[in-house]
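Here the structure comes first, spelled out in structure tokens, and everything after it is commentary.
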Amino acid sequence: MNTTSDILCIGSVLWDIIGRAASHMRQGSDVPGRITRLPGGVAMNIAMTLVRFGMTPTLLTAIGRDPEGDELLAASSRLGMVTDHVYRSDDLPTDRYMAVEGANGLIAAIADAHSLEAAGAKILRPLIHGPLGTPAVPFEGLVALDGNLTLALLEEIARSDAFARADLRVAPASPGKAERLLPFLQHARATLYVNLEEAGILCQRTFTGSESAARALVERGALRALVTDGGNSASVANADGTLTLTPPSVLVTRVTGAGDTFMAAHIAAEAQGAPDEEALSRALQAAATYVSGETPL
């Protein structure tokens, strides 16, 4: 396949196994619900949303040469993604993510991205040795990067000449991996997408709202920062100032993938030339539609 791509999505592409119940849950709850198995992972979630907004993403990730991997790769191609450059491992299994969600939100989740971490820099070979770029002729387009990569690899990307001209959009995979974004906190070409908790971890303080959190990230050296706070306000900040908007109020039916949807919708809006306020508004609307269950899984 030689499909022209609009953006590289680098990071986790795996199977999401998610159990959802309509009732409130707590530790030890045993309730009826639905269990789904769908393509997921931060890079995949971003790519799926980009496709819905008319963009063609290229995946750079690790997928095992097992039946689950074959199925996942085929699903990615059917969804409209370029998979030519995916690293296929002979000895690493395809990664998985498992979550339980109730009416009161995410109850618990386990991300098994060990194969992606073990593959390391092998997933970047198309950017280092071609055909997507080389350190001498670096890739110049949009790159969505997720924090499921190891800290060592993220540090390598942050200083690599192969990414010196890229428009980097970076997000942690979860609050537990937020500190992996530290190499991009003072990066000249990186935009950070985080939630309120992740912003607090990066700044080592507690925030009461997205506006102060976004400003603090910029004060710490971020080129630009977007901070979300669930159904509360979301903010984007850079050296010129801060913009804050409130998302639409909706009934929340799912939460896994909401942040990835927000990030992808914002990237797509900007790629289409939308000004700052419109891009943020469209991203919030897309995330609200997603959590309400109106967007197809």
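Take the sequence shown: its position 252, counted from the start at 1, is 348 in the working numbering, and no numbers get skipped.
The beta carbon of each residue, even a glycine, is placed where N, CA and C say it ideally should be.
Beta-carbon spacing of residue i, residue j below 8 Å
{"i": "V138", "j": "N244", "result": "yes"}
{"i": "A330", "j": "L341", "result": "yes"}
{"i": "A43", "j": "P231", "result": "Summary: the structure shown does not reach residue 43, with the chain confined to residues 97 through 393, and so no result is reported for it."}
{"i": "L168", "j": "P135", "result": "yes"}
{"i": "G237", "j": "D263", "result": "yes"}
{"i": "S388", "j": "T349", "result": "yes"}
Nearest to residue i (by Cα), restricted to the options the options
{"i": "I103", "options": "E390, A361, A370 and A383", "result": "A361"}
{"i": "Q123", "options": "T154, S185, V323 and G201", "result": "G201"}
{"i": "T324", "options": "E167, P163 and E307", "result": "E307"}
{"i": "S172", "options": "S185, V147, V196 and R192", "result": "V147"}
{"i": "P371", "options": "V332, V351 and R301", "result": "V332"}
{"i": "A286", "options": "I363, E293 and L341", "result": "I363"}
{"i": "E251", "options": "R301, Q282 and L238", "result": "Q282"}
{"i": "S377", "options": "L322, D336, L156 and V348", "result": "L322"}
{"i": "V314", "options": "A384, D336, T385 and L110", "result": "D336"}
Boundaries of the alpha helix (DSSP H) in which residue i is found, first to last residue
{"i": "R140", "result": "According to the sequence displayed, residue 140 carries Met and not Arg. Unbroken alpha helix (DSSP H) run through M140: V138 to R148."}
{"i": "G296", "result": "L292 to C299"}
{"i": "E251", "result": "L247 to R255"}
{"i": "L212", "result": "H210 to A215"}
{"i": "L168", "result": "P163 to R174"}
{"i": "I224", "result": "R221 to I224"}
{"i": "S306", "result": "S306 to E315"}
{"i": "R378", "result": "D372 to V387"}
Cut-off 7 Å between Cβ atoms - residues of its own chain near residue i, not counting five sequence neighbours on either side
{"i": "E374", "result": "A365"}
{"i": "A214", "result": "L188"}
{"i": "I142", "result": "C105, A240, D356, M359 and A360"}
{"i": "L247", "result": "R276"}
Contact set for residue i: own chain, Cβ-Cβ below 6 Å, skip 5 residues either direction
{"i": "I206", "result": "M194"}
{"i": "E390", "result": "none"}
{"i": "T132", "result": "I114"}
{"i": "T154", "result": "S101, L104 and V178"}
{"i": "V196", "result": "G115, I203 and A204"}
Close beta carbons around residue i, own chain, < 8 Å, minus the five adjacent residues each side
{"i": "R301", "result": "A312"}
{"i": "D162", "result": "P189 and T190"}
Start-to-end residues for the beta strand (DSSP E) that takes in residue i
{"i": "L322", "result": "R320 to T324"}
{"i": "E366", "result": "That residue, E366, is in no beta strand (DSSP E); its alpha helix (DSSP H) goes A354 to A367."}
{"i": "D263", "result": "D263 to A267"}
{"i": "E197", "result": "R192 to G198"}
Residue(s) in a DSSP beta bridge with residue i
{"i": "P153", "result": "I103"}
{"i": "I206", "result": "M194"}
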